[in-house]
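In the numbering used here, the protein residues as written are 826 to 1211. Just so it is clear, CB atoms sit at the ideal spot from N, CA and C, and this is done for glycine as well. Reading through the structure tokens given below for one structure.
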Amino acid sequence: MQSKVLPLEEGKDPGPLNRTNQARPLPFRLLQLFVLFLVLCFVFSVVSLYTIRRFGIDSAVMTFKSNFLPCLEEYNFSLGQWIKAPVDLMHSMTDEELFWRASFSPHIKNYPFERVPKIAFMFLTKGPLPLSPLWERFLNGHQTLFSIYIHSLPSFKPNFSPASVFHGRQIPSQIAEWGRMSICDAEKRLLANALLDINNEWFILLSESCIPLYNFSVIYNYLKKSKYSFMGSFDDLGPYGRGRYKDAMAPEVNITEWRKGSQWFEVNRKLAINIVQDTKFYKKFKQFCRPPCYVDEHYFPTMLTIEAGNVIANRSLTWVDWSRGGPHPATFGGRDITEELLTRIVNGQNCSYNDGTSSICSLFARKFAPSTLQPLLRLALDMFGY
């Protein structure tokens, strides 16, 4: 009988089928794997001993743990961490970083949590707030409905008591010069820091010489019910309006779009984001609006007229007295504070409100010197309701 022969395969010699020889290489391969395993264990042990001796056991353990901490933190991240307002207003962000962070805005209108809209009172000042006791009285009892932000000279060290609503409300600041772009930078800085609290809905720019003319409830409801934000914006055809325009502002700003208005404004959250995220108009105003073009009188009014002219009321909420003439409004001293003056400020106006007419036009007034504090405290309850 002939032995059975396998077919020829490329690279292999023909020969008889021999099943008994196939199992012989197996023990040798197992031995190879076992030796390789021992070598790896030895190498791992040597490396581990060196690491422990060189860095210590705790360092080795911490290194191991640190590889997993980001995963744990990401897993535990909650909505509450995202919407929580900063407790400490001081931070190390640059303006560029701050404005970028503050420009975040949800595209879904309805909030997936209970949101109580707040007023952000933003004080632009060189240093102290001499009228703060009056503001303390005005704000008392409404802590959940407002936030405070103070931009002062970087060198100023406030001394508010821990019980004060102004305690710890300083933001990182820089020197701001009147009439220069740095003053608008300071205002944008206030807006950006206030935007970090997602509950802030209305943003009011104030000075240390401002006072509230009504009690908190009246002012809160006035802003809440308003269809418009309050930014003074008008077309001044004279030398102090269009006369300050430069042809180089085009095409971003044409002369027919050039506006003038009060520095003191109130805007809602959407417009605050518009201001903070702007770079297109900012570059033009910084380069071409310099004294005698005063950028704080033109930048925001012009930009918002172009970008959102249909939602601003074209007037300020802050009353001032220009009757004495000069480049600045009148400053009132202690002897000026009488019932007659305050009645004239509060009741002597009529204006447009939500496309109708209202006798409540200005919610704040300036400029009041430190000497006015005591007479104002004495008359505030009868005249202002707080």
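How big is the Cα-Cα spacing for M1006 and I1029?
Start at 1 with the first residue of the sequence shown, and residue 1006 comes out as number 181. Start at 1 with the first residue of the sequence shown, and residue 1029 comes out as number 204. Roughly 19 Å separates the two Cα atoms.
By alpha-carbon positions, which one of I1098, G1004 and N1040 ends up nearest to D1022?
In the sequence shown, counting from the first residue as 1, residue 1022 sits at position 197. With distances taken between Cα atoms, D1022 lies closest to I1098.
Does the distance from the CB of Q1249 to the CB of P983 come in under 8 Å?
Since the first and last residues shown for the chain are 826 and 1211, residue 1249 lies out of range.
Locate the alpha helix (DSSP H) running through K1108, then write down its first and last residues.
Taking the sequence shown and counting its residues from 1, one reaches residue 1108 at position 283. Taken as a continuous stretch (DSSP letters only), the alpha helix (DSSP H) holding K1108 covers K1105 to F1113.
Let's test the definition: count the other Cβ atoms within 10 Å of the Cβ of V1214 and tell me whether it reaches 16, buried, or not, exposed.
An answer regarding residue 1214 cannot be provided, because it is not within the stretch 826 to 1211 covered by the chain.
Looking at E1033: is its Cβ nearer than 8 Å to the Cβ of T950?
Numbered from its first residue, the sequence shown carries residue 1033 at position 208. Numbered from its first residue, the sequence shown carries residue 950 at position 125. Contact flag set, yes.
Taking contact to mean at least 3 C-beta pairs separated by less than 8 Å, is the region 1040–1059 in contact with the region 1172–1183?
Touching, yes.
Mapping DSSP to helix, strand and coil, what is S1196?
If you number the sequence shown from 1, residue 1196 lands on position 371. In this structure, S1196 counts as helix in the three-state DSSP scheme.
What are the complete alpha helix (DSSP H) segments, minimum 4 residues, inside the region 1161–1198?
Here the runs fully enclosed are 1164–1172.
According to DSSP, what are the bridge partners of F981?
For the purposes of this step, residue 981 is identified with residue 156 of the sequence shown, where counting begins at 1. DSSP, once it has assigned bridges, lists no residue as partnering F981.
According to DSSP, simplified to helix, strand and coil, what is R1203?
Taking the sequence shown and counting its residues from 1, one reaches residue 1203 at position 378. Three-state DSSP puts R1203 in a helix.
Counted within 10 angstroms of its Cβ, other Cβ atoms place C1186 as buried (16 or more) or exposed
Within the sequence shown, residue 1186 is the residue found at index 361, counting from 1. Buried: at least 16 other Cβ atoms inside 10 Å.
Rounded C-beta distance between Y1039 and L1188? I'm assuming under 8 Å.
Working through the sequence shown from its first residue, we reach residue 1039 at position 214. Working through the sequence shown from its first residue, we reach residue 1188 at position 363. So it is a contact: roughly 6 Å between Cβ atoms.
How would you write the range of the beta strand (DSSP E) that S1032 sits in, first residue to last?
Taking the sequence shown and counting its residues from 1, the one referred to as residue 1032 is at position 207. That run of the beta strand (DSSP E) goes N1025 to S1032.
On the three-pair Cβ rule with 8 Å, is the region 1082–1095 touching the region 1063–1070?
yes
Tell me where the beta strand (DSSP E) around V1043 begins and ends.
If you number the sequence shown from 1, residue 1043 lands on position 218. Taken as a continuous stretch (DSSP letters only), V1043 belongs to no beta strand (DSSP E), being part of the alpha helix (DSSP H) at F1041 to K1050.
Along the chain, where does the alpha helix (DSSP H) containing I1100 start, and where does it finish?
Taking the first residue of the sequence shown as position 1, residue 1100 is located at position 275. That run of the alpha helix (DSSP H) goes R1094 to Q1102.
Can you give me the Cβ contacts of F824 inside the same chain, cut-off strictly under 6 Å, excluding the 5 residues immediately before and after it?
Since the first residue of the chain shown is 826 and the last is 1211, residue 824 is not available in this structure.
Could you name the residues of the same chain whose beta carbon sits closer than 7 Å to that of F893, not counting the 5 residues immediately before and after it, in chain order?
Numbered from 1 along the sequence shown, position 68 holds the residue referred to as residue 893. Residue confidence is low: F893 scores 44 on pLDDT, short of 50, so the model does not pin down where it sits. No coordinate-derived value is stated.
The region 933–940 touching the region 1066–1081, judged by at least three CB pairs closer than 8 Å:
When Cβ pairs closer than 8 Å are counted between the two stretches, the region 933–940 is seen not to touch the region 1066–1081, the count staying below three.
Could you tell me whether the Cβ atoms of T1197 and G1151 are closer together than 8 Å?
Taking the sequence shown and counting its residues from 1, the one referred to as residue 1197 is at position 372. Taking the sequence shown and counting its residues from 1, the one referred to as residue 1151 is at position 326. Contact: no.
To which residues of the same chain is M1208 closer than 8 Å at the C-beta, ignoring the five residues directly before and after it?
For this step, residue 1208 is matched to residue 383 along the sequence shown. Exclusion of the five residues before and after M1208 leaves E1164, L1167, T1168 and V1171 as the residues of its chain whose Cβ lies within less than 8 Å of its Cβ.
Starting from the C-beta of R962, find all residues in its chain whose C-beta is less than 8 Å away, skip the five residues before and the five after it, and write them out in chain order.
What you label residue 962 is simply residue 137 of the sequence shown in a count that begins at 1. Non-local C-beta neighbours of R962 in its own chain, meaning closer than 8 Å and more than five positions away in sequence, comprise L1202, A1205 and Y1211, ordered along the chain.
Going by beta carbon distance, what residues of the same chain come within less than 8 Å of M915, once the five residues before and after it are set aside?
Taking the sequence shown and counting its residues from 1, one reaches residue 915 at position 90. Excluding positions up to five away in sequence, the list reads Q995, I996 and P997.
If we ignore side chains and look at the alpha-carbon of each, how far apart do R1140 and Y1047 end up?
Looking up residue 1140 in the sequence shown gives position 315. Looking up residue 1047 in the sequence shown gives position 222. Cα to Cα, R1140 sits roughly 15 Å from Y1047.
Assigned exposure category for H992 - 16 Cβ within 10 Å defines buried
In the sequence shown, the residue the question calls residue 992 occupies position 167. H992 counts as exposed, since fewer than 16 other C-beta atoms from the protein chains shown sit within 10 angstroms of its C-beta.
Under three-state DSSP, which class holds H976?
Reading the sequence shown from its first residue, position 151 is the one you call residue 976. The answer is strand: DSSP assigns H976 an E or B state.
Does the separation of the CB atoms of A1019 and M947 fall below 8 Å?
Looking up residue 1019 in the sequence shown gives position 194. Looking up residue 947 in the sequence shown gives position 122. Closer than 8 Å, so yes.
Which same chain residues end up closer than 7 Å to P1200 when comparing Cβ atoms and leaving out the 5 residues on each side of it in sequence?
Position 375 of the sequence shown, counting from 1, holds the residue named residue 1200. Around P1200: G1159 and I1162.
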